[in-house]
Structure formats: structure tokens, C-alpha cells
Amino acid sequence: MIRLILVEDESLVRLGMRQLLGFDPRIEVIADASSGTEALVLIDHERPDVVLMDVRLPGMSGIEVLKALRDRQIAVPVILITTFDDEHAFLQAMHAGASGFLRKDISLEELTAAIDCAIRGERIFRPAITQIAQRRLFEMKSRFAAAELPDPLTKREVEVLRLMAAGLSNKEIGDALTAGEATIKTHVSSILSKLGVRDRTRAVLKGLELGYV
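In this text, residue positions in the sequence shown follow my numbering: the first is 1422, and each later residue adds one.
Here you go:
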């Protein structure tokens, strides 16, 4: 049984999501919340297998809840849901460590597949990621049509880039890879240089484009 907490401030939408999830006998909605503050308390107390949470919530936003969970070292997969594709929110969610970023109009099959991915430790950002990544790719191709492909990343640089995409800091990446923070900073600098970008966000987007992430 998958123990899930649902976080949605609109009562009718929350009820509809509960009913939709009820069609999958493997999923048990153990609690729901209507605000980010309430959600944080529930998640800390119940320690669910996965959280399905709206991006926009009264008080704390879904992304702020994600960051608070990280600060408290509460490791639970969080799938963020939104009514509209929002590039800024998507990038924030990705760097905060969201396991998914989905629109509310997805089917039950797509939703349960995303939940299964999150449980396995995978990340799923479609359909939102599709439109955003395609738009970014088109913009980059238009601006850099004549540019050469970047130098390939080493195996360790790919590992670092994927952990960057999960929202980890240099120190956290170093702990995960048993390497010093200074070594990770060197890898990050090399990644930015090879990909021809100036910051971590653009590096992750470029990594998505090139298939590294």
C-alpha cells in the first residue's frame, strides 16, 4: 500500500483528487491538507511514502514546503501539481528537489505512473517539462545555430550534474559522492565551462537537452 498525503487548498479539487486516487487500490490517502503550513506538520508526523502537493498554497507555497523538508532532512518524494505550466515555478521545483512537476489535468494512468516513479526514486516532469524544454531548446538553437557541440562530460561530471538537478548543494553532492566540497566546486566549474553556461540552472537545462539528466 502506498501511503500518500494530498495537499490542495481548493476543497472541490481536493475532493476530486481523492476520488480519482481512490480508483487505484494500491494508494491510500492517509491525510490531506489545505495549506503549506498544515502540510509540513502532517508530513513530519505521518512520514508518508509520497506527497502530492499544489504549487500555489496559502501561507507557504509548495516549493517553500519542499525547501523546509530538505532543511529538516525529511526525505519524502514530493510531486508538485499545477493548473498552468509555469517555467519559473518549474525551475524552482526542480532545484528544490521535487520528484515531479505535473499539470492537474493529467489522467489517472499518468498520475499513478508518476507516483510509481517517485516511489522508485525517479523524477518525472512531463507534460510540463516537455513544453518548457522544447521552448528552451528552440531558443538556444535560434541563438546558437552555428555553435559547436560542447565537450562531453566525464562520468563523474554527469553524476555531479544529476545531483545538481536534484537540488543538492556542493557539500551535499560531496557527501553523496564521498568527495570534498572543493573537488565538487571544481567539477561544477568544469561542467559550466563545457556546457557554455553561466549558472547551475542553465547547466541543468542544457543537461536535459543533451540527455545527461
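Each residue gets a CB set at the ideal place from its N, CA and C atoms; glycine is no exception.
The model shown is predicted, which means the values in this text are computed figures rather than measured ones.
Quick one: using the 10 Å Cβ neighbour count with 16 as the cut-off for buried, is residue i buried or exposed?
i	result
LEU1436	exposed
HIS1509	exposed
GLY1601	exposed
LEU1433	exposed
GLU1543	exposed
ILE1495	exposed
LYS1592	exposed
ALA1603	exposed
Does DSSP put residue i in a helix, in a strand, or in coil?
i	result
MET1585	helix
MET1422	coil
ILE1451	strand
LEU1427	strand
VAL1634	coil
LEU1473	strand
ILE1527	coil
Using only CA atoms, which one of the options lies nearest to residue i?
i	options	result
GLU1578	VAL1618, HIS1608, MET1474	HIS1608
VAL1497	ILE1612, SER1614, CYS1538, PHE1444	CYS1538
LYS1606	SER1590, LYS1615, ALA1597	SER1590
THR1599	ALA1587, GLU1580, VAL1499	GLU1580
What residue range is occupied by the uninterrupted beta strand (DSSP E) comprising residue i?
i	result
ARG1524	1521 to 1524
Within the continuous alpha helix (DSSP H) that includes residue i, where are the two ends?
i	result
ASP1492	1483 to 1492
LEU1441	1432 to 1442
ALA1496	It is not in any alpha helix (DSSP H) - ALA1496 carries neither H nor E in the DSSP assignment.
ASP1507	Element bounds for ASP1507: n/a, residue is neither H nor E.
SER1614	1602 to 1616
Practice task
Give a yes or no on contact between the segment 1453 to 1466 and the segment 1476 to 1493, applying the rule of three or more CB pairs nearer than 8 Å.
Solution key: yes
Handout entry: the segment 1487 to 1496 touching the segment 1526 to 1542, judged by at least three CB pairs closer than 8 Å
Key = no
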